[in-house]
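Below is one structure, written out as structure tokens; the observations come after it.
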Amino acid sequence: MASRPLLIYKTDHEFYEALSRRDERAYQFLYADVFPRFRHWILTNSGSEMDAEDAFQKGLMNFLLNIETGKYQLQESARITTVAFEYCKRVWLTELKSARMRNHGPMPDHIDTADSADVVNDLERLDVVKTVQQALQQLKEDCRKVLEWFYVDEIPLREIAERLGMKEESVKSKRYQCAEKLKGFLPSNR
Amino acid sequence: MKLTQAQFELIEAYLNHELSETDRLSFERDLQAEDELRSAVDRQREMRLGLQAVGIQRALERAKTQYKENALADGAATKPAARVLPLNGLRYWAAAASVVVVLGVGYYAYQQTASRQADLAYTETFTDNDEVMKNFPSEHVSTQTRTTFFEAFKNYKAGNYDRVIGQLKTLPADKQTIHYKNYLLGLSYLANRQPTEAIPLLDKARQTALPELHQKTEWFLALAYVKNNQKERALPLLKRISSDQAHPFQSLAQRVIRKIQ
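Read top to bottom, the protein sequences are chains A and B.
Letter by letter, the first sequence follows residues 306 to 495 of this note's numbering.
Letter by letter, the second sequence follows residues 164 to 424 of this note's numbering.
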């Protein structure tokens, strides 16, 4: 089925490495492999279509950030797609639990929420991420471009200097000034 | 703590694991001793994490778009039948949005605060503009203008917002197409997470006499205000939409109001 690209990585190790470097094909495979199963699972666990997309985005975001930051290391015993599914699943169970607590309703018996601390930490980290992303939108276009090129697209300062027709040292100063401006938009209690 | 450039570069080098063993140990000793420095490092780490996440999110959005395009090509519905049964008003929109190629707006999809509902509502309604373009004027519009618009619309559907902006920004406006231009440009800025730029364009497009275009423009303008943290401007618009039973976004507007009030 075309919506499910063939896995082109011979081992989970190769797949993990590809996800670490944000390889588009690896992302596409992960999405196509995990989402349909996860969507089905959500729909049979008190969730809606929108809940499925929402929890899936958060779960994958947590998982991929953990891969890139080294918090998640490849484990021989667990398939990557299984782990990704588990991340998304736990996001939903945590949200379900928090909604039940708000409404003072019991959790269904089959739902185990014993180990949600990590998920809560990851979700809190997404709040930080969101704050930074909102701050980024407050910057002027030139600053936002420099920061995005350098930190998001990982373009070297030298190449950014070429694009802007500036000296590398000037771009370095600009990166500093823009980063400080960005931090200025973050809440001071963080 | 306002950093000097030298301090900034030192923290960057530390976070990139580029310091020598001696320098790293020395820096970590300073970290233990100075609360202010520790807080500056945390702040810089957060900034980098947020920016790193932007890259991941964009790659995820591309994967999502590709997945939906492939699913469409397969003819495999990715949404349940129940979703598309009652094809009236808002439900039509939700159903249509579920099968149209989804564009790069998931940036907001995992937000948990007041704007989350607005963002989800935005995602739900953002993608279907085929109807609007079907009504694009066919008379008194040059072939070149018409071609440019349809190419821009194609780019918009493919998520190439920068290209849409480039195509339409300099296109001379005329009475027939000015509202379409402002609408499509406004939506593209909004999708590009530039609500400040989107607002004046959507506000102008709202002057259109075409009812459907007016309703859509009004809705996205309200969401642009929400995203731009201008609740005081978003609320009157959302209230008006939510009190209009004929408005296709009535229920969504009510949902967003509940979250931002």
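Note that the Cβ used here is the ideal one computed from N, Cα and C, for glycine as well.
Any C-beta of chain B under 8 angstroms from that of residue i
i, result
"R463 (chain A)", "no"
"L491 (chain A)", "yes"
"K445 (chain A)", "no"
"V339 (chain A)", "no"
"R495 (chain A)", "Caution is warranted here: a pLDDT of 48 is assigned to R495 (chain A), below 50, making its placement in the model unreliable, and the coordinate value is therefore given only provisionally. Output row for R495 (chain A): interface = yes."
"A323 (chain A)", "no"
"K433 (chain A)", "At residue 433 (chain A) the sequence reads Val, which differs from the Lys that was named. Chain B contact via Cβ: present."
"V457 (chain A)", "yes"
"Y336 (chain A)", "yes"
"L487 (chain A)", "yes"
"Y332 (chain A)", "yes"
"R327 (chain A)", "yes"
"V437 (chain A)", "yes"
"L469 (chain A)", "no"
"L370 (chain A)", "yes"
"L401 (chain A)", "no"
Length of the line joining the Cα atoms of residue i and residue j
i, j, result
"D186 (chain B)", "D198 (chain B)", "19 angstroms"
"S305 (chain B)", "I423 (chain B)", "44 angstroms"
"D338 (chain A)", "I372 (chain A)", "18 angstroms"
"S414 (chain B)", "A357 (chain A)", "21 angstroms"
"L364 (chain B)", "R327 (chain A)", "35 angstroms"
"M471 (chain A)", "E181 (chain B)", "25 angstroms"
"I465 (chain A)", "L334 (chain B)", "29 angstroms"
"Y319 (chain B)", "S351 (chain B)", "7 angstroms"
"Q442 (chain A)", "R356 (chain B)", "7 angstroms"
"F383 (chain B)", "V433 (chain A)", "26 angstroms"
"L431 (chain A)", "K363 (chain A)", "8 angstroms"
"C448 (chain A)", "M210 (chain B)", "14 angstroms"
"R254 (chain B)", "H410 (chain B)", "In this predicted model, R254 (chain B) has a pLDDT of only 40, less than 50, meaning its place in the structure is not dependable enough to derive any value."
"L369 (chain A)", "T311 (chain B)", "39 angstroms"
"L428 (chain A)", "A354 (chain B)", "24 angstroms"
"R344 (chain A)", "F361 (chain A)", "8 angstroms"
"E453 (chain A)", "R468 (chain A)", "14 angstroms"
"V327 (chain B)", "E184 (chain B)", "50 angstroms"
"T167 (chain B)", "E485 (chain A)", "9 angstroms"
"Y321 (chain A)", "M366 (chain A)", "15 angstroms"
"L331 (chain B)", "Y230 (chain B)", "28 angstroms"
"N350 (chain A)", "K227 (chain B)", "23 angstroms"
"S353 (chain A)", "I347 (chain A)", "7 angstroms"
"I219 (chain B)", "A383 (chain A)", "22 angstroms"
"K435 (chain A)", "L373 (chain B)", "37 angstroms"
"L335 (chain A)", "L223 (chain B)", "10 angstroms"
Contact with chain A by residue i, beta-carbon distance below 8 angstroms
i, result
"K227 (chain B)", "yes"
"R396 (chain B)", "no"
"Y230 (chain B)", "yes"
"L384 (chain B)", "no"
"I423 (chain B)", "no"
Sequence-distant residues of its chain with Cβ nearer than 6 angstroms to residue i (five each side left out)
i, result
"N298 (chain B)", "none"
"A416 (chain B)", "L401, I404, S405"
"L398 (chain B)", "none"
"V451 (chain A)", "K479, R480, C483"
"L324 (chain A)", "A331, I372"
"T380 (chain B)", "Y346, L365, A368, R369"
Close beta carbons around residue i, own chain, < 7 angstroms, minus the five adjacent residues each side
i, result
"Q339 (chain B)", "P300, H303, V304"
"M164 (chain B)", "E199, S202, A203"
"A336 (chain B)", "K344"
"Q207 (chain B)", "I174, L178"
"E473 (chain A)", "L462, R463, A466"
"T359 (chain B)", "N391"
"K317 (chain B)", "none"
"F390 (chain A)", "V339, R342, F343"
Close-in-space but distant-in-sequence residues of the same chain around residue i (CB under 8 angstroms, 5 per side omitted)
i, result
"P243 (chain B)", "The predicted model places P243 (chain B) with a pLDDT of 44, which falls under 50 and marks its position as unreliable, so this point remains unresolved."
"L444 (chain A)", "L452, C483, K486, L487, F490"
"Q438 (chain A)", "none"
Residue i beta carbon near the ligand ATP (any heavy atom closer than 7 angstroms)
i, result
"R206 (chain B)", "For the ligand ATP, the structure offers nothing, since it holds no ligand at all."
message: Output needed in chain order: residues of the region 355-368 of chain A with a Cβ under 7 angstroms from some Cβ in chain B.
response: M355, E358, D359, Q362, K363, L365, M366
- request: Below 8 angstroms between beta carbons is the criterion; list the residues of the region 203-224 of chain B that meet it against any residue of chain A, in chain order.
  value: D205, R206, Q207, E209, M210, R211, L212, G213, L214, Q215, A216, V217, G218, I219, Q220, R221, A222, L223
- request: For the region 167-178 of chain B, enumerate the residues whose C-beta is nearer than 8 angstroms to any C-beta of chain A, in chain order.
  value: Q168, F171, E172
- request: May I ask you to list, following chain order, the residues of the region 374-399 of chain A that have a beta carbon less than 8 angstroms from some beta carbon of chain B?
  value: T374
- prompt: Looking at chain A, which residues of the region 346-358 of chain B have a Cβ within less than 8 angstroms of any of its Cβ atoms?
  reply: R356, Q357, P358
message: Taking beta-carbon pairs under 7 angstroms, can you tell me which members of the region 472-485 of chain A lie near chain B?
response: S478, Y481, A484, E485
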